[in-house]
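Reviewing the structure listed below.
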Amino acid sequence: VRKFIKEKKDDAGISEYVDMEKELQEVITLTEELLATANPSESAQNDVGLSPPNYSAGVHSEALDGLSQSHEKFAVGTKVQAVYSEDGEWYNATIEGLTPIGYFVSYEGWGNKEEVDPANVRALDVEAADALGLAEKEAEATKMALKRKVEQAARSDYQIRSLPTKLKIDPNDPEDVKAAKRKKIHAFKSKARFEQLDFAQNKRQNAWQQFQTTKGKAKKVGFFSGRKKESIFKSPEDHRGKVGVTGSGKGLTDFQRREKHLHLKDGSSGDTLDCEE
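Numbering follows UniProt numbering, in which position 132 of the sequence shown is assigned residue number 132; successive positions increment by one, without gaps.
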């Protein structure tokens, strides 16, 4: 802009460019002042997948010394719990760096990384975490052991068929007979293998059906649990009843006749009238 103003200083409309130069200079000055007074920690990268700030050993020591004495000091690599800024919940995390205002952590299982204030970082209960992990491993091991036991029982109950004597290869047999026997032996073993697989599958299905049947027979205590369910298609008790008609063969409910009692003005009672008249 300055170069253009020098070249066109004699033009009548050059005053607009002079004002533009002043405004640009003011913007540049304000930007330099903001950059000079800005906190260096604001430029720390906290996006997903970014590496933690690369502080030297001296800066690490200064950062630790600068932390509030009321909070615990955690070294780099320590397993902790930190509050995630997006939802305010505690998550397991790892200290990846120390900053002048706190810690740079990486949340386990999520990949998110951010700078956290010391007040939002606490020690991880290692014993509770180990106990939970151990319980999950034991449950998974028990599940796999039960599965192997069922499969082993299914295989053990199956009686493997022995190879018939006529299919056994005799060293004195001709080559064409040996070839024919080998084919039959292969077919026999394949059939036996498929029969064993079918037997195991059927046994597992029967075990599941038996479990469902036993579960369905369990008595449930609750509303109407003791009432026997009756079918509307059962034979009626009365010989005049009809199948499929609820209450068939039974008489109608006997209601009392509705009557109206009259009271005279003098206080005496009048006659009783039938409402059906």
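Glycine included, every Cβ here is placed at the ideal spot set by N, Cα and C.
Residues near residue i by beta carbon distance below 6 Å, same chain, minus five either side
i, result
"isoleucine 185", "Leu167"
"threonine 78", "Ile95"
"valine 116", "Ala82, Gly102, Tyr103, Val105"
"tyrosine 84", "Tyr91"
"glutamate 16", "none"
"leucine 34", "none"
Start and end residues, beta strand (DSSP E) containing residue i
i, result
"arginine 122", "121 to 123"
"lysine 79", "79 to 83"
Cβ separation of residue i and residue j, assumed to be a contact under 8 Å, to the nearest whole Å
i, j, result
"residue 280", "tyrosine 91", "Residue numbering for the chain in the displayed model covers 1 to 277; residue 280 lies beyond these limits and cannot be assessed."
"alanine 82", "valine 18", "At roughly 55 Å, the Cβ-Cβ gap does not stay under 8 Å, so alanine 82 and valine 18 are not in contact."
"alanine 139", "arginine 161", "Going by Cβ atoms, the distance from alanine 139 to arginine 161 rounds to 39 Å, so no, they are not a contact pair."
"valine 80", "alanine 123", "6 Å"
For residue i, the residue or residues it bridges with in DSSP
i, result
"serine 106", "Thr94, Lys113"
"valine 99", "As written in the sequence, residue 99 is threonine, which differs from the valine given in the question. DSSP, once it has assigned bridges, lists Gly102 as partnering threonine 99."
Sequence-distant residues of its chain with Cβ nearer than 7 Å to residue i (five each side left out)
i, result
"lysine 178", "Ile169"
"alanine 93", "Val80, Gln81, Ala82, Val105, Ser106, Tyr107, Glu108"
"phenylalanine 188", "Leu163, Leu167"
"glycine 58", "Only weak support exists for where glycine 58 lies, its pLDDT of 48 falling under 50; the value from the coordinates is given anyway. Here the set comprises nothing."
Residues near residue i in its chain [Cβ-Cβ closer than 8 Å; skip 5 each side]
i, result
"valine 76", "His60, Ile95, Glu96, Gly97, Leu98"
"glutamate 89", "Val83"
"arginine 182", "Ile169"
"threonine 142", "none"
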